[in-house]
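Working notes, structure below.
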Amino acid sequence: MDGLLDKLAGNGSTAPGTTSSDTSQMIVVTAPRASDTTATLTAFDKGADKTWKPAFGPTKAFLGSQGMGEPKDNVPRTPEGTFALDQAFGRQANPGTKMPYFQATRQDWWDSNMKSPTYNTHVHSPKSPGGDSENLYDSGPVYDYAVNIAHNPQRTPGKASAMFLHVTNGEPTQGCVAIDRDVMRKILMWLDPAKHPKITIGVNAAAPTGDGPTTTAPSKTSPTTPASPSLPGVSDILGDKGLSDLLTQLVNLIPTLLGTK
1 MDGLLDKLAG NGSTAPGTTS SDTSQMIVVT APRASDTTAT LTAFDKGADK TWKPAFGPTK
61 AFLGSQGMGE PKDNVPRTPE GTFALDQAFG RQANPGTKMP YFQATRQDWW DSNMKSPTYN
121 THVHSPKSPG GDSENLYDSG PVYDYAVNIA HNPQRTPGKA SAMFLHVTNG EPTQGCVAID
181 RDVMRKILMW LDPAKHPKIT IGVNAAAPTG DGPTTTAPSK TSPTTPASPS LPGVSDILGD
241 KGLSDLLTQL VNLIPTLLGT K
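Using UniProt numbering, you'd call the opening residue of the sequence shown number 1 and step up by one each time.
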């Protein structure tokens, strides 16, 4: 199981040179169904003894208005999976985070123009990059504090951009994960790039163990155990006719065993 968890902790957009065991800060966002627009968020620290302990939460989080799943541009769906957290920003001054942070102004945009060479990156410019690009200041208090969820590090057009963990306005999002302002601020102060923080988003996602989270709920159906080839069944030995004859003899013995005709 730990091997599987190691792989999950290493998927998404792990930076080159990092391994799954490098991750020691994990945020888990979980909901009972993929269609849910609210979820539970808990942040975990991995200690020197390799065990994970809660750092924040659980707290309520809002997802996209179409729940979670495969991310697409212009579809309000939160990406499902495990991803790095890289660039932090906000309309407010740096609250003391160790993450790379910039204070947004009206010249700060997140490029969501699928035809732009800087698609799915932060752009500092007096003009919009075009398309559905967001002005990170004019978007309002939801971006007082935020951190990028690096779900599309290849910046593939169509696979969505501008997916953040940010402050909630009490409503489902366009695909981001949104939480209470004070909790968001505390999480930014807690995040440390040296610990390679990640976020996992999934249906019934469990708390991390080993080196990462599990995003798939255990199956409630017991697997069928195949017969051992070294232990053949009775029908394998006797054949269908032999088994039928044996059963007939056993039935005929019942009256004798019971002392009846």
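Every residue gets a Cβ at the ideal spot worked out from N, C-alpha and C, and that includes glycine.
The structure displayed is predicted, hence computed values, not measured ones.
Query, Result
"Alpha carbon of aspartate 182 to alpha carbon of phenylalanine 56, nearest angstrom", "11 Å"
"Beta-carbon proximity list for glutamate 134, same chain, < 8 Å, skipping 5 on both sides", "Trp109, Trp110, Ser112, Ala162"
"Straight-line gap, glycine 90 to asparagine 120 (C-alpha atoms, nearest Å)", "17 Å"
"Selected residue, minimal CA-CA separation from lysine 115, among Leu165, His196, Gln25, Arg155", "Arg155"
"Simplified DSSP state of proline 208, which is helix, strand or coil", "coil"
"Alpha-carbon spacing of alanine 48 relative to serine 24, whole angstroms", "9 Å"
"Buried/exposed call for alanine 194, threshold 16 Cβ in 10 Å", "exposed"
"Those residues which DSSP pairs with threonine 78 across a bridge", "Met68"
"Tyrosine 143 in three-state terms, based on DSSP", "helix"
"Helix, strand or coil at glycine 194 [DSSP, three-state]", "The displayed chain sequence assigns alanine, not glycine, to residue 194. In the structure shown, alanine 194 sits in a helix (DSSP, three-state: H, G or I)."
"Lysine 198 vs alanine 84 beta-carbon contact at 8 Å", "yes"
"Cross-strand partners of lysine 119 (DSSP beta bridge)", "The identity of residue 119 in the sequence shown is tyrosine, whereas the question assumes lysine. According to DSSP, which records beta bridges pairwise, tyrosine 119 is partnered with nothing at all."
"Contacting residues, own chain, Cβ-Cβ under 6 Å from valine 142 (five flanking each side not counted)", "His166, Val167, Asn169"
"Three-state secondary structure (DSSP) of serine 219", "Unreliable positioning characterises serine 219 in this predicted model, as indicated by a pLDDT of 32, which lies under 50. The coordinate reading is nonetheless provided below. In the structure shown, serine 219 sits in coil (DSSP, three-state: anything other than H, G, I, E or B)."
"Exposure of asparagine 148, with buried meaning 16 or more beta-carbon neighbours within 10 Å", "buried"
"Secondary structure, beta strand (DSSP E): runs of 3+ residues fully inside the region 79 to 104", "81 to 90, 101 to 103"
"Other residues of its chain near proline 126: CB distance less than 8 Å, five sequence neighbours each side excluded", "Gln107"
"Assigned secondary structure, aspartate 138 (DSSP; H/G/I helix, E/B strand, else coil)", "coil"
"Beta-carbon proximity check, glycine 96 vs glutamate 80, cutoff 8 Å", "no"
"Between the CA atoms of valine 177 and glycine 67 - distance to the nearest angstrom", "10 Å"
"Candidates Thr42, Gly175, Pro54, Trp52, of which the one nearest lysine 72 by Cα", "Gly175"
"Extent of the continuous beta strand (DSSP E) to which threonine 42 belongs", "38 to 46"
"Option nearest threonine 78 by Cα separation, candidates Ala104, Arg33, Asp45", "Arg33"
"Proline 172, buried or exposed, once every other Cβ within 10 Å from all chains shown has been counted against 16", "buried"
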